[in-house]
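Mapping of the sequence shown onto my numbering: position 80 corresponds to residue 80, and the numbering continues sequentially without gaps. We treat Cβ as the ideally placed atom computed from N, Cα and C, and that holds for glycine. I have placed the structure first, in the form of structure tokens, so that the comments after it can refer back to it.
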Amino acid sequence: MSPKTTASDRGRGTARGHRQWGDMLTPGRVTVGVLALLALVFIFENTRTTKIRLLVPEVTMPLWLALLGTALIGAVCGAYWAYYMKRR
């Protein structure tokens, strides 16, 4: 047994650097995936048009587009925050 081989790796036939689905599907990742899917269902179920005030101008747009834009802005901010916290 080489130093890079563990007892759990033996018998599975996994090559170094390759992950299996069980290793990648953690409870946190599954939860985030389910929440993202529910958010997308919510966004695309709201298809009516609405008026949105952007500081000064008032625009009329589909509600799903406004919700999707807000979700994307939130995701970018969250990813930036996670990246920033990891570097500290």
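For residue i, the nearest candidate out of the options (CA to CA)
i	options	result
F42	L65, Y80 and G74	L65
T50	L38, L40, F44 and L63	L63
A71	E45, L40 and M24	L40
Extent of the continuous alpha helix (DSSP H) run through residue i
i	result
V30	P27 to E45
R53	Here R53 belongs to no alpha helix (DSSP H); instead the beta strand (DSSP E) covers T49 to R53.
V76	L63 to R87
Residue i to residue j span [Cα, whole Å]
i	j	result
P57	G74	22 angstroms
V32	G69	18 angstroms
Y81	V30	Reading off the sequence shown, one finds Trp at residue 81, where the question assumed Tyr. Approximately 21 angstroms between the Cα atoms of the pair.
M91	A79	Here the chain has residues from 1 to 88 only, and residue 91 is not among them.
I52	R19	45 angstroms
L67	K86	28 angstroms
T47	W21	36 angstroms
Y84	L55	29 angstroms
T60	R88	42 angstroms
V34	G28	10 angstroms
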